[in-house]
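Each residue of the sequence shown is one higher than the last, beginning at 11 in this note's numbering. What follows is a set of notes on a single structure, which appears directly below.
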Amino acid sequence: MDKRPKRRKNKDNPYELISNEKKYYIKFKDSSSQLRVVEVSKIIYETFDSFELDDLSFLNEYDRHIEHIDLDENSIYLKGGCQLPSTESVVEQKLQSEELYLAINKLSDIQKRRIKMYYFEDLNLRQIAEKEGCSIMSVKESIESGIKKLKNF
């Protein structure tokens, strides 16, 4: 009987190998779907066996090493451990940004300029004071009073 271990097969593999003592067979369905068994030489048997092993190797590599999903921007983003923001939160954030922009425009030119430098250009109080030629305390007070006004708006 056949001493080879049972192998899983690719769905496209149309044959089965059988060996009995010193005789070798290939079992397959022909074009009319009739089951056929053909005796073959040992060389042909071993060749088909090597084909089967190659198929098995490919199947194993496919299963173990290749990702089986469609990679698009969303799936890559989700695989990175991040969650996509909901549409509502995006719209809400956009509206808040617009409100903040309008509120900043209602401030005096000095407060507007200093708040933009501090929060949007990442300058510290000393750098802003040097740039404007004033004291650090006046910059700090200007920014704090501007923020109070923004909260009221």
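Just so you know, even glycine gets a beta-carbon here, dropped at the ideal spot from N, CA and C.
{"Item": "Going by C-alpha distance, which of Thr-57, Lys-33, Arg-123, Ser-145 is nearest Gly-156?", "Value": "Arg-123"}
{"Item": "Compare the Cα-Cα distances from Tyr-129 to each of Val-149, Cys-144, Gly-143 and report the closest residue.", "Value": "Val-149"}
{"Item": "Using only the alpha-carbon positions, how far apart do Ser-99 and Ile-86 sit?", "Value": "21 Å"}
{"Item": "Pull up the CB-CB distance for Met-147 and Ile-138, whole angstroms please, since I reckon it's below 8 Å.", "Value": "Not a contact, Cβ separation roughly 12 Å."}
{"Item": "Take the Cβ of Ile-125 as the centre, count every other Cβ of all protein chains shown within 10 Å, and call the residue buried at 16 or more, exposed below.", "Value": "buried"}
{"Item": "Please confirm whether Lys-39 and Val-47 have their CB atoms less than 7 Å apart.", "Value": "no"}
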